[in-house]
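Protein sequence lines correspond, in order, to chains A and B.
Residues in the first sequence are numbered from 213 upward in steps of one, following the working numbering.
Residues in the second sequence are numbered from 23 upward in steps of one, following the working numbering.
Where a beta carbon is used, it is the ideal one built from N, C-alpha and C, also for glycine.
Below: the structure, in structure tokens.
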Amino acid sequence: MKKIISVTINNEIYEIAVEPNQTLADLLRYDLGLTGTKKGCDTGDCGACTVILDGDVVNSCLVLAIQTDGSVVDTIEGLATEEGLHPIQEAFVEKGAIQCGYCSPGMIMSAKNLLDKNTNPTEQEIREGISGNLCRCTGYQKIIEAIDSQKS
Amino acid sequence: MAVGKSVKRIDAVAKVTGRARYTEDFFEPDMLTAKYVRSTIAHGRVTAVNTDKARQIEGVEAVFTYEDVPQTTFATAGHPMALSEVHKDVEDRLLLTRDVRFMGDEIAIVVARNELAASEAAGLVEVEYETYDPLIDPEDILAQDARPIHEGRSNIVGEHNYTFGGDVDQAFDQADHVVEGRFATAMVQHCQLENHIAHAYMDDLDKIVIVSSTQIPHIARRIVGEALGMPLSRIRVIKPFLGGGFGNKQDVVLEPMVAFLTLKLNGRAVQINMTREECMLCTRNRHPFYIDVKTGVMNDGTLVARDMDAISITGAYASHGHAIAAAGGSKQSSLYPKAATRFHARTLYANIPVAGAMRAYGTPQVIYALECATEDAARKIGMDPVEFRLKNVARQGDINLLSNKEILSCGLVECLERGRDFIDWNRKKKDYEQFKTGPIRKGLGVACLSYASGTYPVCVEIAGSRIALNQDGTVHVLVGATEIGQGSDTVVAQMVAQTLSFPYEDVLVVQAQDTDVTPFDTGAYASRQAYVVSNAVFKAANQLRDRILAHAGIMTDEDPKHLDIVNARIVDNRTSEAVMDMKTLAIDSFYHKERGGQLTAEISYKTTTNAPVFGCTFVDVTVDIPLCKITVNQIINVHDSGVIINPVQAAGQVHGGAFMGLGAALSEEFLIDPESGYVYNNNLLDYKFPTFTDVPPLNHDFVETFEPTSGYGNKALGEPPVVSPPPAIRNAVLDATGICINTLPMSPHTLFSAFKSHGFLDGKGGQHV
Chain A
213 MKKIISVTIN NEIYEIAVEP NQTLADLLRY DLGLTGTKKG CDTGDCGACT
263 VILDGDVVNS CLVLAIQTDG SVVDTIEGLA TEEGLHPIQE AFVEKGAIQC
313 GYCSPGMIMS AKNLLDKNTN PTEQEIREGI SGNLCRCTGY QKIIEAIDSQ
363 KS
Chain B
23 MAVGKSVKRI DAVAKVTGRA RYTEDFFEPD MLTAKYVRST IAHGRVTAVN
73 TDKARQIEGV EAVFTYEDVP QTTFATAGHP MALSEVHKDV EDRLLLTRDV
123 RFMGDEIAIV VARNELAASE AAGLVEVEYE TYDPLIDPED ILAQDARPIH
173 EGRSNIVGEH NYTFGGDVDQ AFDQADHVVE GRFATAMVQH CQLENHIAHA
223 YMDDLDKIVI VSSTQIPHIA RRIVGEALGM PLSRIRVIKP FLGGGFGNKQ
273 DVVLEPMVAF LTLKLNGRAV QINMTREECM LCTRNRHPFY IDVKTGVMND
323 GTLVARDMDA ISITGAYASH GHAIAAAGGS KQSSLYPKAA TRFHARTLYA
373 NIPVAGAMRA YGTPQVIYAL ECATEDAARK IGMDPVEFRL KNVARQGDIN
423 LLSNKEILSC GLVECLERGR DFIDWNRKKK DYEQFKTGPI RKGLGVACLS
473 YASGTYPVCV EIAGSRIALN QDGTVHVLVG ATEIGQGSDT VVAQMVAQTL
523 SFPYEDVLVV QAQDTDVTPF DTGAYASRQA YVVSNAVFKA ANQLRDRILA
573 HAGIMTDEDP KHLDIVNARI VDNRTSEAVM DMKTLAIDSF YHKERGGQLT
623 AEISYKTTTN APVFGCTFVD VTVDIPLCKI TVNQIINVHD SGVIINPVQA
673 AGQVHGGAFM GLGAALSEEF LIDPESGYVY NNNLLDYKFP TFTDVPPLNH
723 DFVETFEPTS GYGNKALGEP PVVSPPPAIR NAVLDATGIC INTLPMSPHT
773 LFSAFKSHGF LDGKGGQHV
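Below is the structure:
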């Protein structure tokens, strides 16, 4: 049976009926049309579906939508503003940290979370901080350069 | 000048904002979901299927088995149609099969209103089998009494034999030394982040529309027609943004089935969205190879003879089959063109998952064995491995004796010199002398590569480009070249901007591929796109430039030869003064009542050359013997890929390839049960492709040559970087330990066995070193 939850996504409050077995990733993608969040494995291994839930990164394929009742969720769609891209998005563009782009939304959310919590990470801290996100195109090199360029 | 500049990717903003739409981001009303019923054995024949329970699940719309599909076999390889029998692909697939050839083979399919119902119902389809022993080991597959995996066909899919450079046996007889080695490579997988996915529906004209994550939209269209016995013109394939392919999507995997299902279900949209586990097990992978190499060498360091005998395992179905071994072997002739060389390869069916195209198409396996053998030969005569290669590798002006074509651009010698300097070879060689004993050892390694810029003369190389001037003075470009993340749309825009002398921002490349709209091109594979499309784009852009200038001439009453385009303005080339801007010209061409028209140019061009590319990897490693662990301290790939169109994007290709090579060298392999054919690790947790914390900083350099057969001097780059890291690392481990590890990956498991057999470890946790 569906249950109504109230969840704030990208600063908007949604009251929405969810199935008890529905994941947050599926809620975002299929019910709300927020398809920027990607799915690469559905088992929490690849990180493509990374979003920020109450200030921490999660694999949204491993979170049930019903668990997010009363929570705050930030997805890739909420990052850019009317003024333009978020500086981390800008850095990914500038440094050539994108190829196929499928991992990029999740990667950028992890990078944002890392930099929100540690404004001046070392290279090793960057590598560890986003090691839950897999990329098969870039060898990670330019992603690290992009994040490194955003240190304070 | 747009070529040579690191302009921003055309699609970068769409991708960082999440706005780029991939196949799964397109929804059709009432779209159904289909799930395969897969075999639970590796080899056998289905004796009974019962779908009754599955049909009773709520939401199930249909169940089809092998009895319901067309009984015409078709080939799935993403090759252009071959007009000659020799190069024809093997037609050994049905949409669903009664004969089971690997664990995961497709016996039936369930269509339901949602994924959950489809999965549940697929699990309730009851299948009974007559089981046969799985054939996995080459010796068993080749045994006289081995059961044919495909009835009526040999278990040898293809065999290939060639020599070049003179009498090979005589060359071995005259060699001062003959060095032999046996090598094996593992089955690895592409692991592109976006799994295989496609959906199909019928439009209002009863045409089948297939939206698919494919590298080969135009080829997929033809193969769907062949599989379903339908005219190609009734099929339309659309490729949206694509989340990585690496060759795995150079094969038709889902397209014929989704087309079949929508036909059966009155045109309703049906989607197949593979799980990661399915995608790893049931799409394609890299052929495992077993290779014997013999090398003849003179005391002065001249490489005189080479003999390579390879077995390639294609698994349950041919897919790209023997083309892989043939293509891999052919790269030797452009790397070491002077040695008398013999290559013999056989490709075998086996009851394991299906191999297909994967980044560099057989070359990583062959060059791995070749570059390990080259190292062993250099060591045999006590020559520095870099000097040995400098003495023997290809140079500009050499003749590739396999193709009988002159090598028109080659910067390999400089690649080796630059790599040697970067890694500080000479100093470290001395410093590391003190690390050749004890538990922690250090070494340096090098390996070279050669690759091609397309598939000609084995396949046709055709590319199309259409450019149209817009009313606002910008241009739209349609190409058949397929953007899959490698950045081809961006470099096409750079090429057009260069030739038209337009700002890069004014060149708009249409992103999605649509076979009803985009010109014919065979797709993204063989690192062919920038090379092959360059000629079509160069010609089309020049044609449009001439038409723009002709119209400017009409408008100004000037001879067009006195006019030029500079930065999207018409300029009088005698005075350098601007005559008009492009928008003024465009508006006139569109709306003047008596003159002009929409100014367009369209070219379909066949490239009949194939430029070899070159490169090398240098590595510095530490080997921890008790931990059986290799640490790559430093790595650089240096490439000659002709003119580099976009340095930042090109660097990304090199990093990504080197990273994939590191994975293949150190950790990646499918673990297959030798008795049952079961794959233990078809998921991203247990299949170890490197994470952020597993790779060292990746370095790259380019030796830019100018390739005269290419529109902009450029050559292939996408695949080559994956080739040379594994042999370079193997050679560095040999340098560090004195042990030849001739099996990939060089995982702790492999190292443990090697160290134990050499007495470095006692096998009980103690150590001898």
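If the cut is a Cβ gap below 7 Å, which residues of chain B does Y314 (chain A) touch?
Simply Y44, L215, E216, G265 and G266.
Buried or exposed: which applies to F692 (chain B), given that a residue is buried once 16 or more other Cβ atoms fall within 10 Å of its Cβ?
Around the beta carbon of F692 (chain B), a 10 Å sphere encloses 16 or more other beta carbons of the protein chains shown; the residue is thus reported as buried.
Skipping 5 residues on each side, what residues in its chain have a beta carbon closer than 8 Å to that of T284 (chain B)?
Cβ within range, chain order: A222, Y223, M224, I230, R290, A291 and V292.
If we ignore side chains and look at the alpha-carbon of each, how far apart do D238 (chain A) and C273 (chain A) end up?
Distance between D238 (chain A) and C273 (chain A), taken at the CA atoms: about 7 Å.
Would you check if the distance between the CB atom of Q656 (chain B) and the CB atom of S472 (chain B) is smaller than 9 Å?
It is not a contact, given that the beta carbons lie outside the stated cut-off.
Going by CA-CA distance only, name the one from B:F612, B:E50, B:E89 and B:T731 that's closest to P634 (chain B).
For P634 (chain B), the closest of B:F612, B:E50, B:E89 and B:T731 by C-alpha to C-alpha distance is B:T731.
Output needed in chain order: residues of the region 671–686 of chain B with a Cβ under 9 Å from some Cβ in chain A.
Legend: CB atoms of the region 671–686 of chain B lying less than 9 Å from CB atoms of chain A belong to residues Q671, A673, G674, Q675, V676, H677, G678, G679, A680, F681, M682 and L684.
Can you have a look at N589 (chain B) and say buried or exposed, based on whether 16 or more other CB atoms are within 10 angstroms of its CB?
Looking at its Cβ environment, which holds fewer than 16 other Cβ atoms inside 10 Å, N589 (chain B) is exposed.
Taking Cβ positions only, does D33 (chain B) come closer than 9 Å to chain A?
Yes, contact with chain A.
With DSSP as the reference, label M296 (chain B) as helix, strand or coil.
Residue state, collapsed to three classes: coil.
A34 (chain B) burial status per 10 Å Cβ neighbour count (16 or more: buried):
The residue in question, A34 (chain B), is buried, as its Cβ has 16 or more Cβ neighbours within 10 Å.
Between V233 (chain B) and the rest of its own chain, which residues show a CB-CB distance below 6 Å, the 5 nearest in sequence each way excluded?
Answer for V233 (chain B): T45, F48, H221 and I260, listed in chain order.
Cα-Cα separation, K250 (chain A) to F96 (chain B):
About 33 Å.
State the Cα-Cα distance for the pair S549 (chain B) and E483 (chain B), rounded to the nearest angstrom.
Looking at the two C-alpha atoms, the distance is approximately 12 Å.
Is there contact between the region 525–536 of chain B and the region 571–578 of chain B, where contact requires at least three CB pairs shorter than 8 Å?
With the rule of 3 Cβ pairs closer than 8 Å, the region 525–536 of chain B does not count as touching the region 571–578 of chain B.
Return the CA-CA distance between N345 (chain A) and V660 (chain B), expressed in angstroms with no decimal places.
For N345 (chain A) and V660 (chain B), the distance between alpha carbons rounds to 28 Å.
Residue range of the unbroken alpha helix (DSSP H) whose run includes G247 (chain B)
Residues P239 to L250.
According to DSSP, which residues form a beta bridge with Q656 (chain B)?
Note: Q656 (chain B) sits in a beta bridge opposite B:D642.
Segment limits, alpha helix (DSSP H) that includes N325 (chain A):
In the DSSP assignment, N325 (chain A) falls within the alpha helix (DSSP H) that extends over S316 to K329.
Is there a Cβ of chain B sitting closer than 9 Å to that of E294 (chain A), yes or no?
With 9 Å as the cut-off, E294 (chain A) does not count as an interface residue toward chain B.
Excluding the 5 residues preceding and the 5 following D155 (chain B) in the sequence, name in chain order all residues of the same chain whose CB lies nearer than 6 Å to its CB.
Cβ neighbours of D155 (chain B) beyond the five flanking positions: none.
Within 9 Å (strictly less), CB to CB, does P719 (chain B) reach chain A?
It does: the Cβ of P719 (chain B) has a partner Cβ on chain A nearer than 9 Å.
Round the Cβ separation of S28 (chain B) and V670 (chain B) to the nearest angstrom and send it over; I've been treating them as touching at under 8 Å.
Right, the Cβ-Cβ distance comes to about 4 Å (below 8 Å), so this counts as a contact.
When DSSP labels each residue in this structure, what does H498 (chain B) get in the three-state scheme?
Assigned with DSSP and collapsed to three states, H498 (chain B) falls in strand.
Any C-beta of chain B under 9 Å from that of I356 (chain A):
Cβ-Cβ to chain B under 9 Å: yes for I356 (chain A).
Taking only beta-carbon atoms, is R550 (chain B) less than 9 Å away from chain A?
Under the 9 Å criterion on CB atoms, R550 (chain B) is classed as non-interfacial with respect to chain A.
With three or more beta-carbon pairs closer than 8 Å as the criterion, would you say the region 186–202 of chain B touches the region 321–330 of chain B?
Yes, the region 186–202 of chain B is in contact with the region 321–330 of chain B.
Counterpart residues of N307 (chain B) in DSSP-defined beta bridges:
DSSP, once it has assigned bridges, lists B:A377 as partnering N307 (chain B).
Residue range of the alpha helix (DSSP H) that includes I751 (chain B)
Run containing I751 (chain B): P747 to T759, per the alpha helix (DSSP H) assignment.
If T127 (chain B) sits next to A338 (chain B), beta carbons under 8 Å apart, how far is it from one beta carbon to the other, in whole angstroms?
In the sequence on display, residue 127 (chain B) carries Asp and not Thr. With a beta-carbon spacing of about 7 Å, D127 (chain B) and A338 (chain B) fall inside the 8 Å limit used to define contacts.
Examine the Cβ distances between the region 498–517 of chain B and the region 532–547 of chain B and report whether three or more of them are shorter than 8 Å.
A contact between stretches requires three or more CB pairs, one per stretch, nearer than 8 Å, and the region 498–517 of chain B meets this requirement with the region 532–547 of chain B.
Can you look up Y242 (chain A) in the DSSP assignment and give me helix, strand or coil?
The answer is helix: DSSP assigns Y242 (chain A) an H, G or I state.
Alpha carbon to alpha carbon, how far is V435 (chain B) from P748 (chain B)? Give it in angstroms, no decimals.
Rounded to whole angstroms, P748 (chain B) to V435 (chain B) spans 20 Å at the Cα level.
From A:Y226, A:N233, A:F304 and A:E335, residue whose alpha carbon lies closest to that of I355 (chain A)
Restricting attention to A:Y226, A:N233, A:F304 and A:E335, the CA atom closest to the CA of I355 (chain A) is found in A:F304.
So, is T597 (chain B) buried or exposed, given that buried needs 16 or more other C-beta atoms within 10 angstroms?
That one is exposed.
What residues in the region 496–518 of chain B have a beta carbon less than 8 Å from any beta carbon of chain A?
Cβ contacts with chain A come from I506, G507, Q508 and G509.
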